[in-house]
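Numbering (my numbering), first residue to last: 1 to 265. What follows is a single structure, written as structure tokens, with notes after it.
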């Protein structure tokens with residue numbers, strides 16, 4: 001029984017001509033060898049068939065009001081015309097991490113363009129609402145995020161805000177302060193105003209506002225909205241000289257202390 005089994009396995013197969021045999025061997029090798037290479041060495045097999053294309057184009061897709069020129073992205077990502085970077089070796093994750101560390105983007109995504117045309121950068125810059133007056137070249141947005149102005153933003157005509165030092169010890173301004181500033185900017189939609197919150201958390205707990213007209217306001221920490229309405233009513237009084245500026249002390253409820261500051265000329 002065993003002899004019959006081995007004899008059936010090792011029995012001579014069909015007879016082919018030499019040409020047919022070589023044809024079968026060639027076709028088998030043509031099919032099997034690439035398949036085995038792809039299965040055993042996938043990276044090497046793919047690399048050998050992929051041409052090393054340099055990055056020649058940057059496609060910028062901004063969705064924010066403020067935009068960055070392409071040269072800024074080129075310098076930040078090390079993409080130079082005289083030192084071409086391979087599209088294949090370009091790391092999207094590393095590039096996104098490099099740009100996100102700047103802190104100026106609210107959204108960012110980088111993709112390789114099909115047909116080896118280059119890379120596309122989809123981004124939106126943060127929307128600043130004012131300068132941090134006691135730090136140079138520093139902006140902040142509604143979320144309280146701090147980020148640099150130049151060279152990523154042009155010189156902007158925005159209000160200036162002084163903060164207590166403890167508010168600037170981290171990369172975010174407290175939410176309470178950003179909400180307060182938002183309300184003040186709604187009451188005084190002037191881009192040239194200055195807000196001082198350095199004594200907001202300590203005695204005497206006040207808000208100082210300098211307006212482009214020259215008026216200077218001292219507002220209470222609590223119920224400052226009523227104090228602002230009292231200021232607006234006082235501005236309409238006939239005794240207020242339009243050629244002079246005033247210090248309006250509104251820190252006490254339903255009370256206005258006024259000091260005139262006439263211009264010498």
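Ideal placement from N, C-alpha and C gives every residue a C-beta, glycine not left out. As the structure is a computational prediction, the values presented were derived from the model and not from experiment.
In the DSSP assignment, residue 218 is bridged to 208 and 249. Here the alpha carbons of residue 159 and residue 191 stand approximately 5 Å from one another. Judged by DSSP secondary structure, residue 228 falls within the alpha helix (DSSP H) whose first and last residues are 224 to 235.
Going by beta carbons, residue 55 and residue 85 fall inside the 7 Å limit. Distances from the CA of residue 64 to each of 127, 119, 83 and 96 were compared; the closest alpha carbon is that of 127. Looking at 81, 180, 133 and 121, the one whose alpha-carbon comes closest to that of residue 206 is 180.
No Cβ-Cβ contact shorter than 7 Å links residue 162 with residue 120. For residue 135, no alpha helix (DSSP H) encloses it, and the DSSP letter there is neither H nor E. For residue 250, the number of other beta carbons within 10 angstroms of its own is at least 16, and it is reported as buried. Under the DSSP definition of a beta bridge, residue 194 partners with 160 and 210.
Assignment of residue 74 by DSSP, reduced to helix, strand and coil, places it in the helix class. Note on residue 81: under 16 other CB atoms within 10 angstroms of its CB, so exposed under the neighbour-count rule.
Looking at the DSSP output, residue 103 shares a beta bridge with no other residue. Going by DSSP, residue 121 is part of the beta strand (DSSP E) stretching over 118 to 125.
Beyond the five residues adjoining it in sequence on each side, residue 198 comes within less than 6 Å, by CB distance, of 162 and 164 in the same chain, given in chain order. Per DSSP, residue 184 is not a residue of any beta strand (DSSP E); the alpha helix (DSSP H) it occupies stretches across 175 to 187.
Shortest Cα-Cα distance from residue 95 to any of 154, 122 and 116 involves 122. Non-local C-beta neighbours of residue 194 in its own chain, meaning closer than 6 Å and more than five positions away in sequence, comprise 160 and 210, ordered along the chain. For residue 176, there are no CB contacts under 8 Å within the same chain when 5 residues up- and downstream are skipped.
In the structure shown, residue 94 adopts helical secondary structure according to DSSP, grouped into three states. At a Cβ-Cβ threshold of 7 Å, residue 102 and residue 108 do not count as neighbours. Distance from residue 215 to residue 246 at the Cβ level is roughly 6 Å; contact confirmed, criterion being Cβ atoms closer than 8 Å.
Shown here for residue 79: same chain residues with a beta carbon closer than 8 Å to its own, the five before and five after excluded, namely 55, 58, 73 and 85 in chain order. Residue 58 carries a strand assignment under DSSP once its states are collapsed to helix, strand and coil. Per the C-alpha coordinates, the member of 106, 110, 141 and 131 positioned closest to residue 124 is 106.
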